[in-house]
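For reference, the structure is listed below as structure tokens.
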Amino acid sequence: SQTIHQWPATLVQPVGSPLSLECTVEGTSNPNLYWYRQAAGRGLQLLFYSVGIGQISSEVPQNLSASRPQDRQFILSSKKLLLSDSGFYLCAWTGDRGDEQYFGPGTRLTVT
Amino acid sequence: SQQGEEDPQALSIQEGENATMNCSYKTSINNLQWYRQNSGRGLVHLILIRSNEREKHSGRLRVTLDTSKKSSSLLITASRAADTASYFCATGFNTDKLIFGTGTRLQVFP
């Protein structure tokens with residue numbers, strides 16, 4: 003069966019520090035992968051999505067970047083965090099039919 | 004901008020009652036999906052309805068889609084305390100991405 007992992011689960015970082023969040027998927031190949039951010043009590047904002055290794059589409063110009071070094075690995079990064087980068091970051095992948103999305107447990111990022 | 008807008012933003016009911024949430028969207032879609040999110044957790048896919056379908060059932064869930072009004076509703080029958088969560092609609096235009104709404108927070112009191 004397919005599973006999706008995210009780490010770390012929680013992170014507290016000072017303003018100006020770098021960021022690296024990792025997402026990996028098991029049990030499938032060539033999935034579409036997605037990074038979302040969710041502000042407290044709000045909906046999901048699509049940040050990046052990838053249809054293959056090295057292929058990244060950015061939805062919102064911002065302080066963040068994404069990379070896909072391997073088929074089932076998706077990384078969200080920042081060189082210098084801002085206070086506004088705080089939020090709940092969710093990784094997701096599409097199923098075999100490419101319609102439903104399956105989400106990881108999320109990373110709670112607090113920038114202080 | 005958000006494609007989907009859920010209504011109401013918050014809903015409180017007693018166990019055993021039915022809960023209805025609505026979603027409106029702006030442009031043509033291929034499908035519309037509903038997801039549930041428990042507090043501090045990832046989203047869980049509940050049900051998908053395609054643009055050529057009008058109604059779909061899954062257990063205690065009933066989803067309707069009216070493409071002429073660009074709206075959908077999610078009905079949870081005989082609600083339980085465990086149904087307490089936020090519910091999001093998401094619209095799909097192709098197989099690459101979804102646009103999520105702002106969510107309805109449902110509280111079911113035992």
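As they're listed, the protein sequences go chains A and B. Taking our numbering, the leading residue of the first sequence gets 3, the next gets one more, and so forth. Taking our numbering, the leading residue of the second sequence gets 4, the next gets one more, and so forth. Think of the CB as a built atom: it goes at the ideal place given N, C-alpha and C, for glycine as much as any other residue. All of these numbers come straight from a predicted model, not from anything done at the bench.
- Residue contact check for B:Arg57 against chain A: no CB pair falls below 9 Å.
- Excluding five sequence positions before and after B:Gly62, none of the CB atoms of its chain fall closer than 8 Å to its own CB.
- Under a 10 Å Cβ-count criterion, A:Pro33 is classified as buried, with 16 or more other Cβ atoms of the shown protein chains found around its own Cβ.
- A:Arg74 places its beta carbon 9 Å or farther from that of A:Gly54.
- By the Cβ criterion, the stretch 63-77 of chain B is not in contact with the stretch 85-97 of chain A, since fewer than three pairs of Cβ atoms, one from each stretch, lie closer than 8 Å.
- Annotation for B:Leu64: the continuous beta strand (DSSP E) segment containing it runs Leu64 to Asp69.
- Among the residues facing chain A, B:Phe91 is included, as its CB has a counterpart in that chain under 9 Å away.
- A Cβ-Cβ separation of about 16 Å leaves B:Gly43 out of contact with A:Gly45 under the 8 Å criterion.
- Annotation for B:Gln36: Leu51 and Ala93 place their beta carbon closer than 6 Å to its own, counting only its chain and skipping 5 residues before and after.
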